[in-house]
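Read in order, the letters of the sequence shown correspond to residues 440 to 1348 in our numbering. Glycine residues also receive a C-beta, built at the ideal position from the N, C-alpha and C atoms.
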Amino acid sequence: MQTDPTYPANVTPSEAHLRSAQELAATYRVNPHTGLLDDEAAQRAHQHGANELQDHARRGPLALLADQFKDFMVLVLLGAAVISGVIGDLTDTLVILVIVVLNAIIGFVQAWRADQAMAALRQLSAAHATVLRGGEVQVVPASVLVPGDIVLLEAGNQIPADLRLIEIAQLQVDESALTGESVTVAKQTDTLAAQDTSALGDRVNMAFKGTTATHGRARGLVVATGMHTELGKVARLLGGEDRSTPLQLRLAAFGKRLALGVIAICIVIFAVGVLRGESPLLMALTAISLAVAAIPEALPAVVTVLLALGARRMVAVKALVRRLPSVETLGSVTTICSDKTGTLTQNHMHAELLLAQGQRWAPGDPLPGPVHAEALRAAVLCNDAARHARVDDDGNATTTPNPDAHPTDWQGDPTETALVLAAHAGGLDKAQLDAATPRVQEQPFDSDRKRMTTFHRGGGGFVAYTKGAPESVLPRCTAQWTPEGGQPLDTAAVLATANQLAAQGLRVLALARRDHARLPDTNALDDVESQMALLGLIALIDPPRPEAQAAVRDCMSAGITPVMITGDHPATARAIAHRLGIVAHADAPVLTGADLAQLDDAALRAQVEQVHVYARVDPAQKIRIVEALQAQGHFVAMTGDGVNDAPALKRADIGVSMGKGGTDVAREASSLVLLDDNFATIVAAVKEGRRIYDNIRKFVRYAMTGNSGEIWTIFLAPLLLLPIPLLPIHILWVNLVTDGLPGLALAAEPAERGIMQRPPRPPNESLFAQGMWQHILGMGLLIAGLCLAVQAWALHTGHAHWQTMVFTVLTLAQMAHVMAIRSESEPLWRLGLASNRPLLGAVLLTFALQMATIYVPFLNPIFRTEPLSLGELGICVAAALVVYCVVELEKAWRRKRRASGSAIDDPAA
Ligand code: ATP
C-alpha cells in the first residue's frame, strides 16, 4: 500500500480502523481529551493543506476567455472578415476583428462575474465542524481541519473528514453518499481486524468525510483530510456537475430553433442581394453579421449572470441560494410551510414557571420545596447545553472554566439553555452538578420520540432523568416523586394542566426520574423508560418574532398561503398561529400527527387546503403534507432543520433550511438557506426571486426586440426596393453597444411596485407569456419601419447621409426601448430616471459612443459614417422617441386592461 509521506510514517489513513484509539492518538501526537493546540494545528494546516476537495468544475480565466470565441457563427464571421480583407479593404477586417474581440471581452467579464458570484455563494454555504482544540470546543470552517484534530459529532452533522471514532453514544451514520448503501450504519469504537474490513461499509469504527450522522453523538480523531479522504479518492473520478437551470435549458433549446430561422432569413437576404447585383462578398458579410447579431446564443449565459448576481444580492436579505434554479422558481411559490420554533418564533426561550406537586415556582422566587429542586436538577442534568468558549481581552479562548460564569455563557438548544438559566435562578449550577453526578449513558433527544433520557452515577447506583413532551413522558410515569417515596399520580389531571399551559402559547416539558441499581441496557428502551416518577412540568415562553406578523400579511397579499407545521403541542401551535395571523380564529382547525396517521392520501388531499396549522407532526409526515399540497397544484416551499426533515426538503419545490440552528443534513437537502432562521426572510427571498425573474424577462424582451428590429430592417429593405440600409460594421456595432451594457444594467432594476400584490406565476408559464411575443415582433417591426421610413425619406429628399441616419435611428431606438420597458406597466416618469442609475449611465454612455462614431472625424472612415446636421440628428431622435411613446401606450393599455380585469374578478371592486 502506498504510504503518503505527509502522514505519520507507521500508519496510513486507510489502516486507521486496525489501530486502537490510544495508538492512533500517540501516532498523531494528540491528547484526545484536549485536542491539538492552535499552533500545532496551524503548522499541520501548512503541511497538509486545506481540508477541501478539488473543484474540477471551476474554469480558469483563460478557459473562460477561450469559451467566448468558440461560437460557430463568430468563427464564420472572423473567416469571412479575413477573406474580405485579403481581397479588398483591410480596415473593415480590422474593425470587425476589434468588435468581435470587444464582444468576447464583454462576454468574458459577464461569465467571470457570474463565476465569482457563485464562488462567493459556495464559500458562504461551506460546511463547519466542531473541534476540540487546546481544551476548548470551537466551531471552525471544515476546511481548516488537520490530521490529529479531535472532532465532535452530533446527529445532523456532515462528517467533515475521515475520522477514527474514539467515543460514541448511539452513533448512526448514513453512508449512502459514499457507499451507495441506503441503510444507516451503527458505529462502534473497538479496534477491528484486517479480515472482513476491506469494504468501507465494514469499517464501523470509522466515519468518512461526506457521510452524515443521523443519530447520536461521537468524538473522533481526524486521520485524513481533503483529497486524502476516501471521498477525495472517489471525487477524482467524478466529473463536474451540469449547472444549467431549467430556464437556461429551455432558452438554449429555443435559441437553437430560432438560430435556424435566422440563418434561413440570412440566406434569403444574401440571395436577394446578389440577385440585385450587390457584391457577393459584401452580401455574405452582411448576412453573417446579421446572423451573429440576431442569434440569441448569449441568452442562457446572460440569464446565468442575472441569476448569479441576483443570488448574491439575496445574501443581503439573509437568504443564501444553494441551487441557482431556485432563484427563478421562488416567484412561483404558492404555499410556505414553516416550522414554528425559531422560524416564526424568536427561539429565545425562558422558563415561565415550574409546576411540581401542585405548587408553582417562577424563576426569581425562593424554591418551595425539594421536589422543585429535584425537578430543576433533572432539567439541567438531562441537558446537553455546553459552556461557551470564553474569550479573553487578547482574543484568545481561555481554557479554564470559570465557576462563576454567568449562565448566558451556555450554548446549545434554546430549550435547554432556558432550563439551565431557570435552574441557575433556583440556585443550581450545571457545571457543579455535572461534575458531582457524571453522565454515564444517554438516550438522545429526537423529535420522533419527543423525549430524552440520561443516566447518571449517584446514590450508590444510577439515576435516570427523562424530559420531554408531556404526552410522551407522562404515560411512562407511575407515581409522583417525593423525597419520601412515590405518591399516587393523576396522569389525566396533569395532562389537562399541561394543555391549559399550552393553550397560552407556552412550550411545556415534563420531567421525571427513575433509580436503577445497575446501568440498564438502552437497547431495551421501552423497559428502561417506564415506571418513572414524575417530578413536574416546566413551561417555557418563546415569543413570536416581531417581524413575522408583517411577513405573514405580505404572504397573504402576494397570494401565498403560510402554513405552520410544528413538533410542538397543538394548543401551543394554535395560540402562536393565531397571534401571527396565520389563522383568523382562535379555534381554527389543527391537524395533529395522530390525525394525519388516520387519513389516507385522498382524504388528506381533500383537507389540506383548509388546514393551516399542523402540530405534533413527525418529520416523516411533512412529506405527506408536501405531496398532498402539490397534488392540489401548489408550489411548496418547506422549512426544516433536522436530519429527518431532509426527505421533505428534497420533495418540496423549494426546500428551506436554517443557517444558524439547522443541521448540515438539512442544509445539504435544501435549495435555500435562511442565514437568520427567520420566516420573514423567506418572504423577502420570494420578493427578490420575483424581481429577478421580472428582470430576466425584461432583458429578453429588450434583446430580442432589438434583434427583431435589425432583422426586419435588413430583410424588408429590398422588398421595398431600398438599398441595403446598413453595413456589416454597423450591425455588429449596434449589437455590441446595445446588448452589452444596457442589457446588464437591467439586473439593477428595482422591484416593480405591487410585486407582492400579484398572484404567484404559474411554474411552467413560458418566459414569453403575457404578450411578450407580440411585443417582440410588433416593436421590432416598428423599429424597422422607422429605420426604413427615415431611409426612404432621406434618399427621396437627397440627403447623402441616409446610411448614418439609419444606423443612428437603430441605436437610439433601442435606447428609447430599454428605458420604456423598465416596467411592464408603470410609466417611466413615475419610476423616475434615477431609480436605475446603472441603466441611465449605460444609455448615456451608449448615446455618447454613437455620437462619437458620427462626429469624431477619424472614426468616420472606420465606421463609414458622416457627420449629421442638427436637423438630421433631430429626425433620428424623434424616430427613437416614437418607439418610447408607443411602448408607453402599450403599457397604459395593459394597465387599463388589468384594472378592468380585476374588476371582473372581484365583484366588490
Ligand atoms: P418545530 O418543528 O416548529 O421546530 P419543535 O422545536 O417544537 O417545533 P421538536 O424539536 O421536534 O419540534 O420538538 C417536539 C417536542 O419535543 C417539543 O414540543 C418538546 O415537547 C419536546 N422537546 C423539544 N426539545 C426537547 C429537548 N431538548 N429535550 C426534551 N424534549 C424536547
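- Where Ser777 is concerned, the enclosing beta strand (DSSP E) starts and stops at 774–777.
- Placement of the Cβ of Leu948 at a distance of less than 7 angstroms from at least one heavy atom of the ligand ATP is found.
- For Leu1113 against Gly1098, the beta-carbon gap comes to about 6 angstroms, under 8 angstroms, which counts as contact.
- Rounded to the nearest whole angstrom, the C-alpha separation of Ala1281 and Ala1076 is 37 angstroms.
- Three or more beta-carbon pairs separated by less than 8 angstroms link the segment 1129–1149 to the segment 1207–1225, which places the two stretches in contact.
- Here the C-alpha atom of Thr532 lies approximately 41 angstroms from the C-alpha atom of Ser1274.
- DSSP places Thr856 within a helical segment (H, G or I) once states are collapsed to three.
- For Ser1096, the shortest C-beta to heavy atom distance toward the ligand ATP is 7 angstroms or greater.
- Comparing C-alpha distances from Val1065 to each of Val1052, Leu1088, Gln687, Cys1315 shows the shortest one belongs to Leu1088.
- For Phe1246, no beta strand (DSSP E) segment is defined; the enclosing uninterrupted segment is the alpha helix (DSSP H) at 1241–1259.
- The criterion of a C-beta distance shorter than 8 angstroms is not satisfied by Val578 and Leu1171.
- Taking the Cα positions, Tyr1294 is about 23 angstroms away from Ala1228.
- By alpha-carbon distance to Val810, the top candidate from Ala1239, Trp1151, Gly925 is Gly925.
- At a Cβ-Cβ threshold of 8 angstroms, Leu1298 and Ala1291 count as neighbours.
- Taking the Cβ atoms as the reference, Ala817 lies roughly 4 angstroms from Leu950, within the contact range of under 8 angstroms.
- Here Ile589 is bridged, per DSSP, to Leu571, Leu660.
- In this structure, the beta-carbon distance from Thr651 to Val622 does not fall below 8 angstroms.
- Taking C-beta atoms as the reference points, Ala480 and Arg572 count as a pair closer than 8 angstroms.
- Taking 7 angstroms as the cut-off, the C-beta of Lys1061 does not count as close to any heavy atom of the ligand ATP.
- Residue environment for Asn490: buried (at least 16 other C-beta atoms within 10 angstroms of its C-beta).
- Excluding sequence positions up to five before and after Arg762, its CB lies within less than 7 angstroms of the CB of Ser1110, all in the same chain and listed in chain order.
- In the structure shown, Ser718 adopts coil according to DSSP, grouped into three states.
- If you check the CB distance, Pro1181 and Met1244 do not come in under 8 angstroms.
- Met788 has its CB no nearer than 7 angstroms to any heavy atom of the ligand ATP.
- A straight line joining the alpha-carbon of His1073 with that of Ile1131 spans about 21 angstroms.
- In this structure, the CA atom of Ala502 is about 10 angstroms from the CA atom of Phe547.
- Bounds of any alpha helix (DSSP H) do not take in Gly770, whose DSSP letter is neither H nor E.
- When Ala1239, Trp1212, His1169, Ala1231 are compared, the shortest CA-CA separation from Ser728 is found for His1169.
- When C-alpha distances from Arg888 are compared across Leu913, Lys869, Gly865, the shortest belongs to Leu913.
- DSSP places Ala990 in the uninterrupted alpha helix (DSSP H) bounded by 985–996.
- By the beta-carbon neighbour count (other beta carbons within 10 angstroms, threshold 16), Ala519 is buried.
- With a minimum length of 4 residues, the unbroken runs of alpha helix (DSSP H) contained wholly in the segment 1264–1305 fall at 1267–1270, 1276–1294, 1298–1302.
- CA-to-CA, the gap between Asp506 and Met512 works out to about 13 angstroms.
- Cβ neighbours of Pro452 within its own chain (closer than 7 angstroms, five residues either side excluded): Tyr446, Asp601, Val662, Ala663, His667.
- For His789, the three-state secondary structure derived from DSSP is strand.
- According to the DSSP assignment, Cys1226 belongs to the alpha helix (DSSP H) that extends over 1211–1235.
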